[in-house]
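Data block below; observations after.
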């Protein structure tokens, strides 16, 4: 199969790899090169990069193969994007059960990162809705597995960052949706502790918080809480083509005064008494997708996204420390998101744990790398962990403490891939295979 | 009213898949014709889930044409019968120069098989009505040093389509010639020297728009008409020194 040599980067555009990439049209892994799979390239760091061998770009394997409208059970090729699934199945009353912040992620990528969404408390992570997988082994043979036939391998693949081999097809259960629109309520939250409490009080199935990271002192952690529920019988509207960021933005765009000004305006959009608006599904789930290539707003130098989760008991202290450090460092961006997570996780390397997750975009400037490493330590000290789909910088020695099931994962991976043909830049950097 | 039938020849290609999905969204019935039936069965499932009224698979080897099953399927259709020809092959020119016997196969894949199919379907289409989409290539507009075997086969196909358009217009069947530039498919993946590469989905959209407007010949993306006009205007005495 023809290989294309191309430089690919993670979504944060800091890490890059010169890859030898095949892009099959047909689901016959015997003809593919032996290497890890690449999906929609929405992981921020090096999860999808492999500078040491070939990779298989899955985006043309994007067919839906079987769907049961009674149960919502779907079988599809792993390269289909969540956006396509939404477009095809929402008008029939079904949605991907969990939606990450971008619809451009592929089905295989969503499984490999065991992504979570704004409904994690109720729905758990993506992998919990997957019932079976077809994996390519290191010799290019396809094998269908499920939780009964190969429990270790099946679990290790959910959240396994692709290290158990390319997912060719997946079977999952879509969830029912009663309409194409959501009632989205927004209200201002004065500080971090009020935020954590507010998440505990809402009974809406979807919730997400935006934090103004420029605030400090008594206002540390202030922001807007969005909660949402779908509106029964509301219409499904097709989304128009996104606008596109035409070039790499200049550095001053994310200078402290500009971010401060932007955040002040963003905060004041929501009246003091709060408001409720009716929004299309996609506008609520994927606000950033309406601007294609928005990662260019961070300029040619790229950016990091730090995302951690910490247990509920440590959330106030640890997340307060993290937000203070970011505000002090002056490495600001308007994209800071807080969510509550439940205990639902599918595999040994899955990110979620019962608690709160904070995601912060940090422009890749002087001091950014040291700051992110420091924040990783804060997360571990709080009993939490960082998210492999976002990471580009975590010190490898922190990983075993963050992921206590790592030894079991390593054992499974060594059994199915003794030679390490599915290694990625991420697994080498963090020593995930051990 | 019964759903129109679209016969897609070369349905395994990325452009054909994108086109079939558009027709599925219009609730057409699809007959997916190609070599790899296991792969086409997956595409058939996909287009049904995307709204096709029905989808069937037919195995056909362009090098050993057996037209009977294709004609039977077309006869069985109740509504209009339309055909999209997406089949083709483009082995490296050097390979054909090393083994000239390979030329005949390239001409079959890109021209004569498609023309034979269109001739065979013509009586049914004349009776039922429908449209023809013939995918050629900008390479058919002028013979270049790098791929003139492929280009001349496509040139033959284009000339055939022009005459077929003339013939079928008299019976109300529209024939559209499509000349794509570089398209991001398995055929071009990893090739050097490509520029302005189009997505198969965009080519499929352009084909649909061309059909809706009753266009006879379209370039896709549109700017290739300018590029090819310039390339066609270069005098032979200059052109023979160029290696574009």
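Protein chains in written order, with my numbering: chain P, 1105 to 1538; chain H, 14 to 257. The C-beta atom is built at its ideal place from N, Cα and C for all residues, glycine as well.
- Interface annotation for the segment 198 to 210 of chain H against chain P: 199, 202 and 203, criterion Cβ-Cβ distance under 7 angstroms.
- Only residues of its own chain outside the window of five on either side were considered, and among them 17, 141, 142 and 143 have a CB closer than 6 angstroms to the CB of residue 93/H, listed in chain order.
- Rounded to whole angstroms, the Cβ separation of residue 1179/P and residue 1275/P is 5 angstroms, and the two are in contact under 8 angstroms.
- The straight-line gap separating the alpha-carbon atoms of residue 248/H and residue 235/H is approximately 24 angstroms.
- For residue 49/H, the C-beta contacts it makes with chain P under 8 angstroms involve 1130, in order along the chain.
- Between residue 181/H and residue 135/H the beta-carbon gap is near 7 angstroms, inside 8 angstroms, which marks them as a contact.
- When the beta-carbon positions are compared, residue 1240/P and residue 1270/P come within less than 8 angstroms of each other.
- Rounded to the nearest angstrom, the Cβ distance from residue 1113/P to residue 1119/P is 7 angstroms, consistent with a contact under 8 angstroms.
- In this chain, the alpha helix (DSSP H) harbouring residue 1422/P covers 1416 to 1433.
- Per the Cβ contact rule, the segment 1186 to 1197 of chain P is in contact with the segment 1161 to 1177 of chain P (3 or more Cβ pairs under 8 angstroms).
- In the DSSP assignment, residue 1525/P falls outside any alpha helix (DSSP H) and carries neither an H nor an E.
- Contact of residue 1297/P with chain H by beta-carbon distance below 9 angstroms is absent, the smallest such distance being about 48 angstroms.
- Relative to the Cα of residue 1211/P, the nearest Cα in the group 1175/P, 1163/P and 1257/P belongs to 1163/P.
- Going by beta carbons, residue 1332/P and residue 1362/P fall outside the 8 angstroms limit.
- The three-state reading of DSSP puts residue 137/H in helix, counting H, G and I together.
- One alpha carbon belongs to residue 41/H, the other to residue 60/H, and they sit about 10 angstroms apart.
- Between the beta-carbon of residue 1213/P and that of residue 1167/P there is about 16 angstroms, and that puts the pair past the 8 angstroms contact cut.
- When DSSP states are grouped into helix, strand and coil, residue 1361/P belongs to the helix group.
- Beta-bridge analysis with DSSP links residue 1159/P to 1125/P.
- As the crow flies, the alpha-carbon of residue 1294/P is around 21 angstroms from that of residue 1381/P.
- Between the alpha carbons of residue 55/H and residue 39/H lies a gap of roughly 19 angstroms.
- Here residue 1233/P carries a helix assignment [DSSP, helix/strand/coil].
- Residues of the same chain with a CB within less than 6 angstroms of the CB of residue 147/H, apart from the 5 flanking positions on each side, are 98, 174 and 190 in chain order.
- Taking CB atoms only, residue 108/H has no neighbour in chain P less than 8 angstroms away.
- Three or more beta-carbon pairs separated by less than 8 angstroms are not found between the segment 1486 to 1504 of chain P and the segment 1427 to 1446 of chain P, which leaves the two stretches without contact.
- Contiguous alpha helix (DSSP H) elements confined to the segment 1175 to 1223 of chain P occur at 1186 to 1193 and 1211 to 1216, taking only those with 4 or more residues.
- With respect to the 8 angstroms criterion, residue 1506/P and residue 1489/P are classified as neighbours on the basis of their beta carbons.
- Burial is judged here by how many other beta carbons sit within 10 angstroms of a residue's own beta carbon; residue 1220/P has at least 16 and is buried.
- Its chain contains 109 as the residues whose beta carbon lies nearer than 6 angstroms to that of residue 115/H, once the 5 sequence neighbours on both sides are disregarded; these appear in chain order.
- For residue 1171/P, there is no enclosing alpha helix (DSSP H); the enclosing beta strand (DSSP E) covers residues 1168 to 1172.
- Three or more beta-carbon pairs separated by less than 8 angstroms are not found between the segment 29 to 36 of chain H and the segment 1295 to 1303 of chain P, which leaves the two stretches without contact.
- Shown here for residue 1203/P: same chain residues with a beta carbon closer than 7 angstroms to its own, the five before and five after excluded, namely 1186, 1221 and 1389 in chain order.
- For residue 27/H, the residues of chain P that pass the 8 angstroms Cβ criterion are 1129 and 1164, in the order they occur in the chain.
- By the criterion of at least three beta-carbon pairs nearer than 8 angstroms, the segment 1121 to 1139 of chain P is not in contact with the segment 1472 to 1486 of chain P.
- Within the same chain, Cβ atoms closer than 8 angstroms to the Cβ of residue 1453/P are found at 1218, 1260, 1263, 1264, 1265, 1492, 1507, 1509, 1510, 1513 and 1536, the five residues on either side in sequence being excluded.
- Residue 65/H and residue 112/H have their C-alpha atoms some 43 angstroms from each other.
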